[in-house]
């Protein structure tokens, strides 16, 4: 069994019988490390392409879900069932004029979309998509994820400040206040999981959830931590900035929030980052609470196919969470900003602490 | 907080989620209602008030429609040997008063509603585009 | 620390001002210290137009006041003209008018609730509202050939009799609508986030509401039982069984609930009207018309006078439009055109209460309160 995607690629190349010859060529030249870097680049490239394609698909899916709820069809004209709509959106956005407001801070204004976009991709590094389908099993994976997603408020604040627009600034302020207050319950509920596994590594967390109780119920943390799951889900929806917590861009109040002044590709980057974030956060929810890529049928799958099947299981679970987020978005209105902070500090944080306490009891009692 | 102790079940949101899910799955007469416009069209009612049409034989060019038009949309112009109304669709309210007041029942409104055009001049519909021939009864 | 007030111009182009309204907000952080609505971006001089057009020519312009509910506008003006000239209206015409007006009330409230929810961030309700509105609009199209600007109600009656197949389609709509309203209530009424946003927001006491001249659902949401259909009955409303919907919470939620209840009452009224509509096919007063001269009289009745001269005098006539009390003051000097037309539009009077409502609240509350006021800018600016 291979531990991560690097080893998986090496394994596949060995199976094909090409690994040794190529390695020999590089060894003769004395640049063996370049070969290793190439493999890493390939795996990272595959991941990023996969993420970007998923993000494009998500924008399509969001429209379709909204449309189904609202008794419409959604995009139907571009491609089969409108599947090429995201491509057309991309073409349109690239074709738009890239406007920088006269009084904006040019450098920061240009920099902000990148600072939002790159962390959104970096989050995927320690995320296990399937058995051995992980770029790097960091030993502090969970901490890394929480830390990386905490970067985006800075970028949002930069964007809001640099736009020199009142609406942008207010949107940015709100986004930051919201992100900070919801990262705390997010981290606290994640710590409760860490109590069970004793490890911050995402792979360890997933492995701890393989297997079943009584042969039927999968050992997922959602059954041990239902409160934790709900809190984590709410906090991550808030972190993603989606309805009912989409203050960063509450369009009926703040026009478009912090990206009011953005257009063209810069706007597209905010947009892509938002959906990449949605995908990442849903993946994290699945990893922490829904057993990641594990499923009771996996032991019966031939070992060769396990990476693929586990990837499928992971994606099904992730899309279920994403569908829930979209479904919720179409059902509820937006909370007011002060109510949001009230919920965050006065309800979510105490409940997260309570959840931590319960987890402590369970661990001490040796349930897990 | 008092609010959460009263609302911890979130039953209202769950009810809403159920009703939206019913729409997603089309349970209980909740069909998709979109009409894919350029490819499908809705059936118009026979009374639909779209672009005007003038009966070539009935119209006597009296100008009553011109006088009664609230927005001065209609002017009477000469076409071949007779006088007929000319309608500036850009100003038209589609109120149907011209149809009501026509003493000869020569004016009617058709189901043509796709009247957008590139120039203002082309919005002026002269008799050449409005007239239709109706067999004279008698 | 030195702090400064923030002045925000919300509008005239803003997603949730329902048109071209501008709010000048003096903000202390997120808290509104002063809110000044700035009107006039959609001013078209309709009142002056009323003086330039003949009585019949002005009816299409009334469609464009409150374009979400054009039938009551038509009716209010025509009612004023009829009172001025003392025109009798056949009973069937009155029934048809009530059908159109109550249908239009439902349509108006659907859009109002939908846009309120859209302002709060829930995009589903407006689409559902438009789905049902479409059915109603098809009824309108069937009835008078237009979907929003009808020009249907005329002095002495209505333009045409109801077409074949209209009543069955209406019955279907009524049956459908009942279930749909259940859906709306399930989606919205007990949604915790919605309640959080609406309860105790935009409170205006009954006294203030009366002093500001608020009418319609906004006034009834403040606990004042004032419905012109009851208080000053017109048309066939005295014969119908319905109740004015009143809530006394005085907040945004009450105004929302009043609208939902009014839709149900309108359905109730429509069912009665459909059951009891007179069979006689006379829909306009022949005394005030000219008979068709030649040719085959089409479905269009030509009973309307081209030139219509009411006696000298003046009249103020008001009805309960979906948004509130809609009044037309007409002064006639005995010519073919009114000497003066004054429109008392409900949206305008209701809007004046906004600064009072949102004092000390936040921008999101302003949006919520403004959504429950339900103004149409065409009606505000005229």
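Protein chains in written order, with the numbering used here: chain Z, 1 to 368; chain C, 1 to 138; chain E, 1 to 382.
C-beta atoms are modelled at their ideal positions from N, C-alpha and C, and glycine is treated no differently.
Report task. Return helix, strand or coil for residue 345 of chain E, following the three-state DSSP convention. Result -> coil
**Report entry** residue 63 of chain Z burial status per 10 Å Cβ neighbour count (16 or more: buried)
**Finding:** buried
Query - Local conformation of residue 250 of chain E per DSSP, three classes - result: coil
Query - CB contact below 8 Å: residue 446 of chain Z versus chain E - result: What the structure shows of chain Z is the stretch from 1 to 368, and residue 446 of chain Z is not part of that stretch, so it cannot be assessed.
Query raised in the report: Using a Cβ-Cβ cut-off of 6 Å (strictly less than) and excluding sequence neighbours within five positions of residue 307 of chain E, which residues of its own chain qualify?
Result: 336
Query raised in the report: Can a CB atom of chain E be found closer than 8 Å to the CB of residue 91 of chain C?
Result: no
Query raised in the report: What are the residues of the segment 67 to 78 of chain Z that lie near chain C, defined by any Cβ-Cβ distance shorter than 7 Å?
Result: 68, 69, 71, 72, 73, 76
**Report entry** Residue span of the beta strand (DSSP E) that contains residue 114 of chain E, given as start and end
**Finding:** No beta strand (DSSP E) contains residue 114 of chain E, which is instead part of the alpha helix (DSSP H) from 91 to 120.
Query raised in the report: Counting only runs that start and end within the segment 226 to 282 of chain Z, where is the alpha helix (DSSP H) found for 4 or more residues in a row?
Result: 226 to 240, 251 to 254
Requested in this report: Return no unless some Cβ of chain Z is closer than 8 Å to the Cβ of residue 5 of chain C.
Outcome: no
Query - chain Z within 8 Å of residue 86 of chain C, Cβ atoms only - result: no
Query raised in the report: Of the residues E:134, E:87, E:115, E:15, which one's Cα is nearest the Cα of residue 154 of chain E?
Result: E:87
Query raised in the report: Can you check whether the CB of residue 209 of chain E is closer than 8 Å to the CB of residue 389 of chain E?
Result: Chain E is shown only over 1 to 382; residue 389 of chain E falls outside these bounds and no answer can be derived.
Query raised in the report: Got a sec? Which residues, its chain only, sit under 6 Å from residue 41 of chain E by beta carbon, not counting five neighbours each side?
Result: 12, 20
Report task. Please list the residues of the segment 123 to 144 of chain E that have a C-beta atom closer than 8 Å to any C-beta atom in chain Z, keeping them in chain order. Result -> 123, 124, 127, 128, 131
Requested in this report: Along the alpha helix (DSSP H) that carries residue 87 of chain Z, what are the first and last residues, could you check?
Outcome: 85 to 95
Query raised in the report: For residue 47 of chain E, which residues of its own chain have a beta-carbon under 7 Å away from its beta-carbon, when the five flanking residues on both sides are left out?
Result: 341, 342, 343, 382
Query raised in the report: Skipping 5 residues on each side, what residues in its chain have a beta carbon closer than 7 Å to that of residue 244 of chain Z?
Result: 332, 333, 334, 335
Query - Burial state of residue 37 of chain Z, where buried means 16 or more other Cβ atoms lie within 10 Å - result: exposed
**Report entry** Within the segment 41 to 120 of chain C, ranges of the beta strand (DSSP E) (whole runs, at least 3 residues)
**Finding:** 52 to 55, 74 to 79, 82 to 88, 107 to 109
Report task. Helix, strand or coil for residue 323 of chain E, going by three-state DSSP, please let me know. Result -> coil
Query - Candidates C:125, C:37, C:32, of which the one nearest residue 92 of chain C by Cα - result: C:125
**Report entry** Opposing strand residues paired with residue 36 of chain E [DSSP bridges]
**Finding:** E:24
Requested in this report: Run the CB neighbour count on residue 316 of chain E, radius 10 Å, all protein chains shown included, and call it buried at 16 or more, exposed below.
Outcome: exposed
Query raised in the report: By a C-beta neighbour count over all protein chains shown, 10 Å radius and 16 as the cutoff for buried, is residue 119 of chain Z buried or exposed?
Result: buried
**Report entry** C-alpha distance - residue 43 of chain E paired with residue 28 of chain C, whole-angstrom precision
**Finding:** 46 Å
Query raised in the report: Which same chain residues, not among the five before or five after residue 295 of chain E, have their C-beta less than 8 Å away from its C-beta?
Result: Reliability of the predicted coordinates at residue 295 of chain E is poor, the pLDDT of 36 falling under 50, and the value obtained from them is presented with this limitation in mind. Correct list: empty, nothing qualifies.
Query - residue 317 of chain E in three-state terms, based on DSSP - result: strand
Query raised in the report: Which of the residues in the segment 88 to 120 of chain C, read from start to end, lie with their CB under 9 Å from any CB of chain E?
Result: 93, 94, 95, 96, 97, 99, 100, 101, 102, 103, 104, 105, 106, 108, 109
Query - Local conformation of residue 24 of chain Z per DSSP, three classes - result: helix
Query - Partners in chain C for residue 69 of chain E, counting only beta-carbon separations shorter than 8 Å - result: Neighbours of residue 69 of chain E on chain C: none; closest Cβ ~17 Å, over 8 Å.
Query raised in the report: For residue 238 of chain Z, which option in Z:314, Z:180, Z:315, Z:301 has the closest C-alpha, if you only look at C-alpha atoms?
Result: Z:180
Query raised in the report: Between the segment 352 to 369 of chain E and chain C, which residues of the former have CB atoms less than 9 Å from a CB of the latter, in chain order?
Result: none
Requested in this report: Classify residue 337 of chain E as helix, strand or coil using the three-state DSSP reduction.
Outcome: coil
Query raised in the report: Rounded to whole angstroms, how far is the Cβ of residue 12 of chain C from the Cβ of residue 200 of chain E, which I believe are closer than 8 Å?
Result: That pair is no contact at about 17 Å.
Query raised in the report: Is the beta carbon of residue 261 of chain Z sitting closer than 8 Å to the one on residue 104 of chain Z?
Result: yes
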